[in-house]
Each structure stands twice: as structure tokens, then as C-alpha cells.
């Protein structure tokens, strides 16, 4: 049996393709999943009809926590099976009126918080820690489909460590478009009001210290600047 599936909703940037990959492999199906240019997702599955039924039940009932499915359209295909395994294909630029939307930026998840606080973790204290369940989405997307090359993360090629996580179906950062670490990702730094670099081992904590002393600090985030100051001091 061969089935093409079109899914609409909030399904790009929420770990949906890795999820589809896992349930397809679990149900012994072949085919592909890919993002579309209209924020939708296209799936083609080949395999036993009973396995495809289980796959569809998993698709509806076990979706990622941040995903919202608005509609699932299925079309039965004729012909012989063409695929040897299930893969995540390169995204297409196909568009149509789908009703799918870009997800918002997502607050840090509990798993990333654990890593952030673990001195032995490669991303300990790394301000840009993210995964498939959290991190910037809407703010960094330049265009659809949601792939790294279509976001501001395209300027930060993955190191071998991040690449290994990105390619590992068992890793929680499997196909996470924002995956980065201190070695390959965005860096944090501190400057004075003239734009001159202030050398410090921990710029984030130093900025906090300056705030507590009454200085005004402009913090450049994903989508612009946040101007912060002390509410209990008139001046340093």
C-alpha cells in the first residue's frame, strides 16, 4: 500500500519531521517526509496497510508537544513501492493555501535547563542552548520552508559534535535546525557605549553585575535590543 499525506497546522520548527521519521521506522514503513514552502508537511509512506493504519494513529495521537495539527489529507497512490527505507527529504518550495503557520519563539525546555546547569555538559552556561522542543523560531526565520539555510543560523555551520546529534535519529536534537554549541554557534560578548570590546570571561554575569551597580545595559537578543536598568539606583 502507498499513501501520500499532507499535514497542515503548526508543524514546522516543532520537531515534527523527526517525529514522523521515528513512527514510520517503528511501523516498518518506507518513504519520506519533507517540509513544504507553505509551512505544511508532506509524507509518503509505503508498506503493509495495517502498519500504515498504526502510523496514522500515531501521527494523530503521539504528536510532539508543540505541534498543532489542523488537517490531515490522505491520497492513496497506485503503482509499485519505490523506496528502500524511510528518509527525511530535502524541503520543497511548493506552496498552496494550507492554513499552516510559523511557530513562535519557544521558552527553554526542562531538558535544556538541565544541560545548561550541568558543568560537565558541552553546553554548560551556553546562552544559545536549544533543541527540537525549544528556542527561537519565528524571529530567526527569513523564509519557508523551515530549514537552517532559511534562518539566521545559516551563518553558523555545525561542528562535528552538533552534526552528529543532528544526524542521529535517537538524539533529541535530531534535525533540530537551531542546534549549536560554544564551539560553532553564536558567541556572546560585552562592549562599552562606544562599541569597544570589554574583555571578560563571563560577559553575561558581568552584564548582570553592571546592572546591579546602576548601569544601563542594552541586551541584543534574537529579534532586537532590550534596554535594561536597575529600578533601585538612579546612577552608578
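In the working numbering, the protein residues as written are -18 to 217.
No residue lacks a Cβ here, since even glycine has one placed at the ideal position from N, Cα and C.
Residue 200 versus residue 24 - alpha carbon distance: Spanning the alpha carbons of residue 200 and residue 24 requires a straight line of approximately 41 Å.
Buried/exposed call for residue 205, threshold 16 Cβ in 10 Å: Looking at its Cβ environment, which holds fewer than 16 other Cβ atoms inside 10 Å, residue 205 is exposed.
For residue 194, the nearest candidate out of 203, 209, 107 (CA to CA): Comparing Cα-Cα distances from residue 194 to each of 203, 209, 107, the minimum goes to 209.
The region 85 to 96 / the region 59 to 71 touching (three or more Cβ pairs under 8 Å): No, the region 85 to 96 does not touch the region 59 to 71.
Contacts around residue 164, its chain only, beta-carbon distance under 6 Å, and the 5 residues preceding and following it disregarded: Closer than 6 Å at the Cβ level, and outside the excluded window around residue 164, lie 140.
Within 9 Å, strictly: CB atoms of residue 69 and residue 2: It is a contact, given that the beta carbons lie within the stated cut-off.
Proximity of residue 122 and residue 50 at Cβ, strictly below 9 Å: For the 9 Å CB-CB criterion, residue 122 and residue 50 do not form a contact.
Secondary structure of residue 206, DSSP reduced to three states: In the three-state reduction of the DSSP assignment, residue 206 falls in the strand class, which pools E and B.
Identified DSSP bridge partners for residue 135: Bridge pairing for residue 135: absent [DSSP].
Pair within 9 Å by beta-carbon distance, residue 46 and residue 114: With respect to residue 114, residue 46 sits close: the two C-beta atoms are nearer than 9 Å.
Expected contact under 8 Å - CB spacing of residue 84 and residue 198 to nearest Å: Contact doesn't hold; Cβ gap of about 29 Å is too wide.
Proximal residues to residue 105 (C-beta, below 8 Å), its chain only, five neighbours per side dropped: Closer than 8 Å at the Cβ level, and outside the excluded window around residue 105, lie 96, 97, 98, 99.
Selected residue, minimal CA-CA separation from residue 74, among 154, 86, 17: Taking the Cα of residue 74 as reference, the smallest distance to any Cα among 154, 86, 17 is reached at 17.
Option nearest residue 149 by Cα separation, candidates -1, 48, 176: A check of alpha carbon separations from residue 149 across -1, 48, 176 identifies -1 as the nearest.
Minimum C-alpha distance to residue 218 - residue among 152, 41, 173, 9: The question about residue 218 has no answer here: the residues shown for the chain are numbered -18 through 217.
Segments assigned alpha helix (DSSP H), at least 4 residues, entirely inside the region 34 to 114: Counting only runs that start and end inside the region 34 to 114, the alpha helix (DSSP H) elements of at least 4 residues fall at 91 to 98.
Assigned secondary structure, residue 164 (DSSP; H/G/I helix, E/B strand, else coil): Three-state DSSP puts residue 164 in coil, outside helix and strand.
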